[in-house]
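J.: If you scroll down you'll find the structure; I have some questions about it.
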């Protein structure tokens, strides 16, 4: 099992919030419509701190509108904007996957070309902006 998956989380998070998944540095919950909480995984303190520092730098530099907004950053928790119909959710809903390995074994549907072009333009613009800050 991956590091952090064995971590014991406050039961109240599971009782009051919808568990979305696990990111690179934390467990992700929807705490209210439009608000997501990333809760630090054990052993990921340094990475979580660097992630929060990146958000601070990004916010000081007027990010493009499609960057996820950060509301509150704490040493163990990060509250941020929840993106409805995000890329990850759409990609997961378009395929059948093994629940344990998450490997795709069937593509159910393809996204419209216009939507793919929009994502590509947004991602390219975001990467160019990050590069202008010297972050990429």
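Numbering (our numbering), first residue to last: 1262 to 1397. C-beta: ideal position from N, C-alpha, C; glycine also.
Residue 1285 by DSSP, collapsed to three states: which one?
T.: Note: residue 1285 maps to coil in three-state DSSP.
J.: Buried or exposed: which applies to residue 1314, given that a residue is buried once 16 or more other Cβ atoms fall within 10 Å of its Cβ?
T.: With fewer than 16 Cβ atoms within 10 Å of its Cβ, residue 1314 is classed as exposed.
J.: Quick one, are the C-beta atoms of residue 1328 and residue 1387 less than 8 Å apart?
T.: In this structure, residue 1387 lies closer than 8 Å to residue 1328 by Cβ.
J.: Do the region 1347-1366 and the region 1283-1302 make contact, defined as three or more Cβ pairs closer than 8 Å?
T.: Segments in contact, no.
J.: Is it true that the CB of residue 1339 sits closer than 8 Å to the CB of residue 1282?
T.: Against a cut-off of 8 Å, the Cβ pair of residue 1339 and residue 1282 comes out as no contact.
J.: Here's the rule I'm using: 16 or more other beta-carbon atoms within 10 Å means buried, otherwise exposed. How should residue 1397 be labelled?
T.: Residue 1397 comes out exposed.
J.: Buried or exposed for residue 1289, going by 16 or more other Cβ atoms inside 10 Å?
T.: That one is buried.
J.: Just to confirm, are residue 1322 and residue 1394 a CB contact at a threshold of 8 Å?
T.: The answer is yes: Cβ separation under 8 Å.
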